[in-house]
Amino acid sequence: MKLLSAAIILSSISSACAFAPVPVSHRAKTALDMGAVLYGSQGSRSPLVNWGASEIGVSIEMGDLSKNPHPFKQIPALTDDDDVLVFESGAILQYLYNKNAADKDSSKRSAAITSWILWANATLDPICFLETPDGKVYDTGLKNPNKRIDRLDQLLGEQEYLVEGGFSIADVAIASYLLYVPQFFQGIDLSRWPNVVAYMKRCAERDAYGKAFGSNVQQYLIASLDAMGGEKKKLFGMF
Numbered sequence: 001m002k003l004l005s006a007a008i009i010l011s012s013i014s015s016a017c018a019f020a021p022v023p024v025s026h027r028a029k030t031a032l033d034m035g036a037v038l039y040g041s042q043g044s045r046s047p048l049v050n051w052g053a054s055e056i057g058v059s060i061e062m063g064d065l066s067k068n069p070h071p072f073k074q075i076p077a078l079t080d081d082d083d084v085l086v087f088e089s090g091a092i093l094q095y096l097y098n099k100n101a102a103d104k105d106s107s108k109r110s111a112a113i114t115s116w117i118l119w120a121n122a123t124l125d126p127i128c129f130l131e132t133p134d135g136k137v138y139d140t141g142l143k144n145p146n147k148r149i150d151r152l153d154q155l156l157g158e159q160e161y162l163v164e165g166g167f168s169i170a171d172v173a174i175a176s177y178l179l180y181v182p183q184f185f186q187g188i189d190l191s192r193w194p195n196v197v198a199y200m201k202r203c204a205e206r207d208a209y210g211k212a213f214g215s216n217v218q219q220y221l222i223a224s225l226d227a228m229g230g231e232k233k234k235l236f237g238m239f
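All letters in the sequence shown, in the order written, are residues 1 to 239 by the UniProt record's numbering.
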């Protein structure tokens, strides 16, 4: 929800990066599909939930925001099976993973995934988004050196994704926040962390990311990350 306060920064690219509705998957329904409804909008963190659901093969319906059951009327929020309510993007990702994918993973992998989801909200979020006392985003901490991101860069130099065994919901949690930064802070240069940039590009190139965030946003991000990585491509004629 708080990302909406930074929307003005995107005004110069809003037409190029218009968000499209997220189509409901035609995959076979799971138990969650019988009643899972997501309350959100493209200007919030809701698309990261759509991304995560798509990656693990779960279809979710978009709900009427006038009926949003979030106790603070924020988004995203997810209802399931009539009596389940989950809010906070990280908690929703964890819920989707626990119900639909955790049983396929070892306890070691599941623990690592949970740790990264929590790290995204507790540590990465306040690095990526600097806020005023009333919760409005005014800048990003990624404009400056940061020891935690230095360490993340080292880790991503050793492996393509965060958890042993390949791409996971952990990457949805971490990459979503990282990829919001070049969307909201146009022209930012993250090249001091080349492995992070390469990781962001790998994640942005995934089909499920494009479906959730929109193909125009996906293309913009890939071009921006190419430029940070040394491929000085012209970004949609804007630079």
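Here a beta-carbon is modelled for each residue, glycine too, at the ideal position from N, C-alpha and C.
- Approximately 11 Å separates the beta-carbon atoms of GLY52 and SER46; this is outside 8 Å, ruling out the contact.
- Take the alpha-carbon of LEU142 and the one of ARG148: they are about 11 Å apart.
- For SER191, the CB contacts under 6 Å within the same chain, skipping 5 residues up- and downstream, are MET228 in chain order.
- In summary, GLU160 is exposed, with fewer than 16 beta-carbon neighbours lying within 10 Å of its beta-carbon over all protein chains present.
- Measuring C-alpha to C-alpha distances from GLN154 to each of GLY35, SER215, ASN195 identifies ASN195 as the nearest.
- Here DSSP, grouped into helix, strand and coil, assigns GLU205 to coil.
- Taking all protein chains in view, the Cβ of LYS201 is crowded by 16 or more other Cβ atoms within 10 Å, so the residue is classified as buried.
- Going by DSSP, ASP226 is part of the alpha helix (DSSP H) stretching over 215-228.
- When the beta-carbon positions are compared, LEU78 and VAL37 come within less than 8 Å of each other.
- The beta strand (DSSP E) runs of length 3 or more contained entirely in the stretch 60-117 are, from start to end of the chain, 77-80, 84-87.
- For ASP125, the uninterrupted alpha helix (DSSP H) run begins and ends at 125-128, by DSSP.
- Each of ILE222, GLN219, ILE169 was checked against the Cα of GLY57, and the nearest Cα belongs to ILE169.
- Annotation: the continuous beta strand (DSSP E) that includes LEU38 extends over 37-39.
- One thing to note: ALA173 has its Cβ within 8 Å of the Cβ of ALA120.
- LEU124 places its beta carbon 8 Å or farther from that of TYR209.
- The beta carbon of PRO145 lies closer than 8 Å to those of ARG192 in the same chain, with the five residues before and after it left out.
- Under the DSSP definition of a beta bridge, GLU131 partners with VAL137.
- Scanning GLY63, PRO126, ALA91, LYS136 for the CA closest to the CA of THR114 turns up ALA91.
- In the DSSP assignment, PHE184 falls within the unbroken alpha helix (DSSP H) covering 169-184.
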